[in-house]
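Okay, so here's the structure we're looking at.
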Amino acid sequence: MKQLFLATDDNKMQLFHLLLNANNFHEKGHEVAVVLECASPKILIGIADGTIHIPPFNKAIERGIIDHACKACTSMFDAAQAADNLGVPLKGELSGHSDLLSFIEKGYSVLTF
Numbered sequence: 002m003k004q005l006f007l008a009t010d011d012n013k014m015q016l017f018h019l020l021l022n023a024n025n026f027h028e029k030g031h032e033v034a035v036v037l038e039c040a041s042p043k044i045l046i047g048i049a050d051g052t053i054h055i056p057p058f059n060k061a062i063e064r065g066i067i068d069h070a071c072k073a074c075t076s077m078f079d080a081a082q083a084a085d086n087l088g089v090p091l092k093g094e095l096s097g098h099s100d101l102l103s104f105i106e107k108g109y110s111v112l113t114f
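Residue numbers (my numbering): 2 to 114.
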């Protein structure tokens, strides 16, 4: 199964649970991609400066399952440097934003929190 985990809110507990589940799917052998859209890239600032601790984030980075953060949204929240420091790629194929259709065309189902 291919699963896209889509984070959209500036809510650290929501992101924690999304990443916890994404890691679980990955551990069970599923193809997983995590995309940070809308307000969620703002959380990268706190993760990068150590004020927000989300242990499943580190696992997701190590496993390479965080596909990207939205380039336009990350820029809007001045989080591009944090994304770079954390190794989170930025993409913006859809007028600066994430092209979710490309995932659907590759057979992914979308799960959002």
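A virtual CB, placed ideally from N, CA and C, is assigned to each residue, including glycine.
- Fully contained in the region 67-104 are the following alpha helix (DSSP H) runs of length 4 or more, in chain order: 72-77, 81-87.
- Remark: three or more beta-carbon pairs, one from each stretch, lie closer than 8 Å, so the region 84-95 and the region 37-49 are flagged as touching.
- Between the alpha carbons of Ile-44 and Thr-75 lies a distance of about 10 Å.
- Using a C-beta cut-off of 8 Å, the region 31-41 makes contact with the region 98-112, since at least three inter-stretch Cβ pairs fall below that distance.
- Per DSSP, Lys-107 lies in no alpha helix (DSSP H) segment and is marked neither H nor E.
- The three-state secondary structure of Lys-29, taken from DSSP, is coil.
- DSSP places Phe-114 outside both helix and strand once states are collapsed to three, so it counts as coil.
- With a 10 Å radius around the Cβ and a threshold of 16 neighbouring Cβ atoms, Lys-72 comes out buried.
- In the structure shown, Ala-8 adopts extended strand secondary structure according to DSSP, grouped into three states.
- By the beta-carbon neighbour count (other beta carbons within 10 angstroms, threshold 16), Asn-25 is exposed.
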